[in-house]
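Each remark here refers to the structure printed beneath this line.
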Amino acid sequence: MLDRPAIVEPLDDDKIPATFTGNRGLDQEEPLIFEIGRLDATGVDIGAPAPVETRLGALERNAPIGLPGLTEPETMRHYVRLSRKNYSIDAGLYPLGSCTMKHNPRSNEKIARYEGFADIHPLQPQSTAQGALELMQTLADWLMKLTNMQAVALSPKAGAHGELCGMMAIKSAIAAKGEGTTRNVVLIPQSAHGTNPATAALLGFSVRVVPAAPDGTVRAQAVKDALDDDVAAIMLTNPNTCGLFEREIVDIADAIHAAGGYFYCDGANFNAIAGVLRPGDFGIDAMHINLHKTFSTPHGGGGPGAGPVVLSERLAPFAPVPFIRRKGDSLQLVEDAEGAQSFGRLTAFHGQMGMFVRALAYMLAHGGDGVAQASKDAVLAANYVRASLRDVMTQPFGDRICMHEVLFDDGWLRGTGVTTLDFAKAMIDEGYHPMTIYFPLVVHGAMLIEPTESESKASLDLFIATLRDLAQSAKAGDMTRFAQAPRLAPRRRVDEALAARKPVLRWEEKTAAI
Amino acid sequence: MRYQPLSEADRSAMLATIGVPAIEALYADAPTETLLETPLDLPSGKSELDVERFFSRLAARNLPASHAAFFVGAGAYKHHIPASVDHLIQRSEFLTSYTPYQPEISQGTLQYLFEFQTQVALLTGMDVANASMYDGSTATAEAVLMAHRLTKRRKALLSGGLHPHYAEVVRTVSRLAEDDVETMAPDVRAVEDLISRIDDTLSCVVVQTPDVFGNLRDLTKIAEACHRNGALLIAAFTEAVSLGLLKSPGAMGADIVVGEGQSIGNSLNFGGPYVGLFATRHEFLRQMPGRLAGESVDADGRRSYVLTLSTREQHIRRDKATSNICTNSGLCALAFTIHLTLLGEAGLTRLARVNHANAVLLAKMLAEAPRVEVLNETFFNEFTLRVDGDAAELVENMATRGVLAGVPVSRLFPGAGLDDRLIVASTEVNTDEDRAAFVAALKESL
Amino acid sequence: MSDRRYSKDHEYVALEGDIATLGISDYAQSQLGDIVFIELPDVGKKVVKGKEIAVIESVKAASEVYSPVGGEVVEVNSQLGETPALVNDDPLGRGWLVKVRISDPGECASLMDAAAYSSFLKTL
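Chains as they are written, first to last, in the numbering used here: chain A, 18 to 531; chain B, 10 to 455; chain C, 2 to 125.
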């Protein structure tokens, strides 16, 4: 364990003088573009339009829009200043459980910008985009091999979109068997991501909740008890949202199949097992893969993601268009279902090509063995954090092996006056992004830590030492580090109730004039 | 492996702390029969140089827009993107951050989302916009679901000028959600009669302008008919630059406006990632899907931004959420908002004028060319041709002459008997040489 | 009101004649935290005992309110549209939610009185 790395003079807010600008050195305030921009300013020089007779009929705009412009230097400064108010994985450990904030290789960014990928149109002749189709096919091959599944739908745009895709395939397969009206229930464990019940409800399924055993996992017996001939599918995350491997997953798959239902596996946590275990070997029928998590396409402040779905042989015929087919020497993108069983189309074009490039670059850089090592290191790091904090923090299901993330509850904070939220905000003052808090909902005051394989041992040791130090303060009743936290971030705690009670969702002229 | 900091010595020390002999022991919960005995049949890792070589070879087999005289549109458009846009979105703090759930250390993302929402609301002529959707097509499907919730009706009417892929996305979701959809026949000349089909069983009507064939549509009367019948008008667009020159959908009475924002700030990317725009009226706010950034204050009273109204979202409402969507298209929204800030009203208007003028010039040249006919009365930067022959074959032939001429309608509406139609787009990137090349290649290929 | 009675889901009913005023208990509001929005039913809506009658949203959660009695909605607290915080500040008074003309006064009998509810809270 580390000692405190450096002793700094305790901070006293009163000692910091107010500044004229409101800035504090590198921490600079930045107005809205609507407050600094001008209607006649622009950062793009565009030649004059050719003099022509317009073909707009009576639909030409006759009133100003109200959009402010900035010149290029002003634009650079505005967004660079904004960027400095953000935490990022490049700047520090980002242990957000269930989000997988790992290193984003810049080679992948470079490759995604090759003209041959970034500057091709989804509807240009397929003969002029064979390299792009080959890339998609190679990615699909990798995904099928890593999962031991028979087909893959590449077009879903994110994890939740992938869930929708998988469940649409299942609904179509059930309808094809003539059971569309009778099988209308989906089994979902209490600890599931909110997207699972939301997806099921969107497709008209009702949700039957499966309870978890005291150890945080789902028992095959509990699934059997919930099974009936009205069950269409089970949606189960594995490893689950508590960071635990579902031990009885094979028995659960057998049970759902014996009852005539399908197994949708939420692959959000595939990064714990990629290259080590294949979901197809568990007996699943469909699983989405978050390329932005497992294969490290950047999160970009909340997207874009990509959520390809691998499918079993019995669901493959229902896959959405478009899909790729080999025809002689060339590849063909099939965009029309041609009367086949495909359930239809999920998005205008072929999926998140920009993410495919990055994900495949990540795979090729790692190789099969490297992907496995990444999974193992992620699991190792989470267990290392668990083992290093288990004597000061409490775990909801006892001290047991976890997968790529470790879940603590707030039992150890009881009576201290410090809440999970306070503890998370104090981490900000220490220079860390907090872990995921209050998720999963089934665990009181949940703190879900996912360190990922990208952290060095030294980085993990400092993180652990920091959390131990904070834990000690909390237990000693030193509220100053918690009640007011964060004090050193670009903002103190933000009034979320005010934002929700009186929503201000856009700038309005009355608050300031251009 | 260059991305993995742990050494074998580190791993041993960590295993000792955990109290297990090997990493494999951490997978003890997995059923024994599922543990792989031999490594997967996948190649070993490659150096950065080798990875880049692999992709360079693939990229070389594609014809980029900038290497051709390029006239392909129908839902995605080639525009020039200022270098500063791509530089800024690659800043670590934007590229490698997560959804801004901790507002104290995410003000950068939250403020640009607030600015983005305002720009989209202004552009569409609506009151509020969300922080973006996956793309224009999924935004359209979400708008239909939203209209169903608001009207408590479950039937949508889709214009025959709506991009057929958008219509297909709506139909797919609707069929599986067990809602009704009626789709009008492909409407090349914008002559369909929607109004007589609007009645009080409809939840919404979806109309695109400029439509997929390039025609401009006045939505005013359709909006009135919708409102008389308690239905909502959803206006869609695929070319955001058109809003710089055209009356906004909001000004024509739309209740929900959805569209594709790719044209501003985002590359073609073979179809994704793009950025869906979604805007509506104040009164419908609580049924709007997607994330929202809102203004508030922090504990010191300083203006701050925060994700708000999240009780509509799946992580809280679960099976009662407005949508199952979890992510937005953050970085693409950032590219959109930076590019639009650079343009400003003056730049956007000028850009739109140049697009229109270039399309008008091309249409004039084609009107004089033999064996083709421009079908549009009105258009912005895209129109439909009737050609003497099969448009798909024509496109292939012209491609061999370095001209990517457009999208054959048969690719969008297979089996609709429109094999002799071609949708042609022209933007600011097209030069006199490009137009001359188009006409020359056309003459040689027809 | 002396005859305020509580359900195990932390709703209360205060009965005057055949009009029941419904709200949530002080314990319930404190558990929810800052309330930001309340979805109320339309006047005239028929409500069934045990079924959803309103939704209360706090910053982090949305909770259904189940009607402890059946009947017809005769009035809703229109102040809550502008000031949902009334439910936090005064849940038993100005923060009431809905008034219902009840169909079966007997339904109130199965609810807890203040003393019983107070002991019930101690078991949580």
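The beta carbon of each residue, even a glycine, is placed where N, CA and C say it ideally should be. Being a predicted model, the structure only gives us computed values, none of them experimental.
Using a C-beta cutoff of 8 angstroms, does residue i count as contacting chain A?
{"i": "C/V1", "result": "Residue 1 of chain C lies beyond the range of chain C shown here (2 to 125); nothing can be said about it."}
{"i": "C/V37", "result": "yes"}
{"i": "C/M2", "result": "Only weak support exists for where C/M2 lies, its pLDDT of 45 falling under 50; the coordinates are left without a value."}
{"i": "C/V60", "result": "yes"}
{"i": "B/N71", "result": "yes"}
{"i": "B/Q217", "result": "no"}
Who does residue i pair with in a DSSP beta bridge?
{"i": "B/L286", "result": "B/G268"}
{"i": "A/V338", "result": "A/R362"}
{"i": "B/Q217", "result": "B/A245"}
{"i": "B/L67", "result": "Note: B/L67 sits in no beta bridge, so no partner."}
{"i": "B/S312", "result": "Inspection of the sequence shows that residue 312 of chain B is occupied by Arg rather than by Ser. Its beta-bridge partners are B/V306."}
{"i": "B/F392", "result": "B/V433"}
{"i": "B/V137", "result": "B/T289"}
{"i": "C/I36", "result": "C/S59"}
{"i": "B/K164", "result": "B/D189"}
{"i": "A/G317", "result": "A/G317 pairs with nothing; no bridge assigned."}
{"i": "A/G385", "result": "Beta-bridge pairing links A/G385 to no other residue."}
Compare the C-beta of residue i against all C-beta atoms of chain B and say whether one is closer than 8 angstroms.
{"i": "A/A529", "result": "Unreliable positioning characterises A/A529 in this predicted model, as indicated by a pLDDT of 45, which lies under 50. A coordinate reading is not provided."}
{"i": "C/E83", "result": "no"}
{"i": "A/G472", "result": "Here residue 472 of chain A is Glu; the residue named in the question, Gly, does not match the sequence. At least one chain B Cβ lies under 8 angstroms of A/E472."}
{"i": "A/G415", "result": "no"}
{"i": "A/L73", "result": "yes"}
{"i": "C/A63", "result": "yes"}
{"i": "A/D242", "result": "no"}
{"i": "A/Y401", "result": "yes"}
Give a yes or no on whether the minimum CB-CB distance between residue i and chain C is below 8 angstroms.
{"i": "A/E70", "result": "no"}
{"i": "B/R226", "result": "no"}
{"i": "B/R162", "result": "no"}
{"i": "B/R180", "result": "no"}
{"i": "A/A463", "result": "no"}
{"i": "A/A129", "result": "no"}
I think residue i touches residue j, with their Cβ atoms under 8 angstroms apart; what is that distance to the nearest whole Å?
{"i": "A/G371", "j": "B/G281", "result": "7 angstroms"}
{"i": "A/A516", "j": "B/V315", "result": "5 angstroms"}
{"i": "A/V396", "j": "B/L44", "result": "Incorrect: roughly 14 angstroms between the Cβ atoms, too far for contact."}
{"i": "B/G285", "j": "B/S338", "result": "7 angstroms"}
{"i": "A/P206", "j": "A/V227", "result": "5 angstroms"}
{"i": "B/G356", "j": "A/T59", "result": "4 angstroms"}
From which residue to which residue does the alpha helix (DSSP H) around residue i run?
{"i": "B/A414", "result": "Here B/A414 belongs to no alpha helix (DSSP H), and DSSP marks it neither H nor E."}
{"i": "A/V97", "result": "89–100"}
{"i": "A/E52", "result": "50–53"}
{"i": "A/I128", "result": "123–129"}
{"i": "B/P173", "result": "173–186"}
{"i": "B/D328", "result": "Where B/D328 is concerned, there is no enclosing alpha helix (DSSP H), given that its DSSP letter is neither H nor E."}
{"i": "C/S119", "result": "115–123"}
Where does the unbroken beta strand (DSSP E) through residue i begin, and where does it stop?
{"i": "A/I466", "result": "464–466"}
{"i": "C/R102", "result": "99–103"}
{"i": "C/T22", "result": "20–25"}
{"i": "A/Q349", "result": "347–351"}
{"i": "C/Y13", "result": "12–17"}
{"i": "A/Y281", "result": "279–283"}
{"i": "B/S454", "result": "Per DSSP, B/S454 belongs to no beta strand (DSSP E); it is in the alpha helix (DSSP H), 441–454."}
{"i": "A/L204", "result": "202–206"}
{"i": "B/M23", "result": "Taken as a continuous stretch (DSSP letters only), B/M23 belongs to no beta strand (DSSP E), being part of the alpha helix (DSSP H) at 17–27."}
Any heavy atom of the ligand NAD closer than 7 angstroms to the Cβ of residue i?
{"i": "A/F480", "result": "Of ligands this structure carries none, so the ligand NAD is not represented either."}
*Between the stretch 293–321 of chain B and chain C, which residues of the former have CB atoms less than 9 angstroms from a CB of the latter, in chain order?*
R295, T317, L318, S319, T320, R321
*With 9 angstroms as the limit, tell me which residues of the stretch 25–45 of chain B have their beta carbon closer than that to any beta carbon of chain A; keep them in chain order.*
T26, I27, G28, V29, I32, E33, A34, L35, Y36, A37, D38, A39, P40, E42, T43, L44, L45
_Interfacial residues, the stretch 352–375 of chain A to chain B, with Cβ spacing under 8 angstroms_ = E352, D353, F360, G361, R362, L363, T364, A365, F366, H367, G368, Q369, M370, G371, M372, V374
*Could you name the residues of the stretch 491–518 of chain A whose beta carbon sits closer than 7 angstroms to any beta carbon of chain F, in the order they occur along the chain?*
Of the protein chains in this structure, namely A, B and C, none is chain F.
*Could you list the residues in the stretch 190–204 of chain B with a C-beta less than 9 angstroms from some C-beta on chain C, going in chain order?*
none
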